[in-house]
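In full-length UniProt numbering, the protein residues as written are 1 to 276.
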């Protein structure tokens, strides 16, 4: 299931792509951009099926988004499959992600640089953990209601993240001794900040581990230049022994990771980084 934020994203002003764009057209184009963010790499045919658009409408919106620099064709890393030329797929570009998020990045970076200069790197880490703590506390009851299984808790986390605009999806991955769920986030509201201050990605990853009750591993990030944030969530198999603990309100989350006892294997070479 795909979730996306229904709030329209401002990619270009009316007329900037050479034509007047009606409010309905602008909203549809925003939906196309959000779906590419959530499910990219995605083909025009897949977009049409999911959004109930005609091939002509999909091509019109994709052509406009490509012209604006919001989406770009994606070159597959694997070998060719089947006969003939593979269908062209699309992902959101750096400019497209900027259109999806509030444009306060430069000010936020300046504030964090000041904080780091006067309070040291640990001050930035403390701020990042405090920011994530509010999100974690909002999600805790929802994930607890999903039960103890990591896969079910991950689905609940996907729904919560998507409602907050992270364009999250999940799918099962792995085989044999190591299986899990690949959690992808097609949008990050602090992408530009996290590119300079990775403490934000680290704090979020730690929060996911606590919420899901297993040691998750971040494989790729938008801040690191990938087209999606990818997190591997182990759900069973070789090397996994987990005991779930959710820190109560008021507990210092910097120490919370020490309260989860896990042993795991780091053999994740069969999970493709950045895929969704």
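Don't be surprised by glycine CBs; every beta carbon is placed ideally from N, CA and C.
Treat the numbers as computed from the prediction; the structure is a model and nothing was measured.
A direct Cα-Cα distance of roughly 40 Å separates residue 88 from residue 133.
If you draw a straight line from the Cα of residue 113 to the Cα of residue 96, it comes to about 25 Å. Straight-line spacing of the CA atoms in residue 155 and residue 170 works out to 7 Å. Counting the other Cβ atoms within 10 Å of the Cβ of residue 111 gives fewer than 16, which makes it exposed. For the 8 Å CB-CB criterion, residue 167 and residue 34 form a contact.
Judged by their CB atoms, residue 214 and residue 198 are not nearer to each other than the 8 Å cut-off. Counted as a single uninterrupted DSSP element, the alpha helix (DSSP H) harbouring residue 133 occupies residues 121-145. DSSP, reduced to helix, strand and coil, places residue 73 within a strand of the structure shown.
DSSP places residue 161 in no beta strand (DSSP E) but in the uninterrupted alpha helix (DSSP H) bounded by 150-163. Closest in alpha carbon position to residue 172, among 231, 106, 31 and 28, is 231. Linking residue 159 to residue 123 through their CA atoms gives a straight-line distance of about 31 Å. For the 8 Å CB-CB criterion, residue 107 and residue 207 do not form a contact. Assignment of beta-bridge partners to residue 199 by DSSP yields no partner. Residue 36 is positioned such that its CB atom lies closer than 8 Å to that of residue 71. Non-local C-beta neighbours of residue 44 in its own chain, meaning closer than 8 Å and more than five positions away in sequence, comprise 55, 58, 59, 62, 87, 88 and 90, ordered along the chain. Going by C-alpha positions, residue 221 is about 18 Å away from residue 129. Just so you know, the alpha carbons of residue 125 and residue 117 end up roughly 13 Å apart.
For residue 220, the enclosing beta strand (DSSP E) stretches over residues 217-220. With fewer than 16 other beta carbons inside 10 angstroms of its own, residue 138 counts as exposed.
Note on geometry: alpha-carbon atoms of residue 216 and residue 183 lie some 10 Å from one another.
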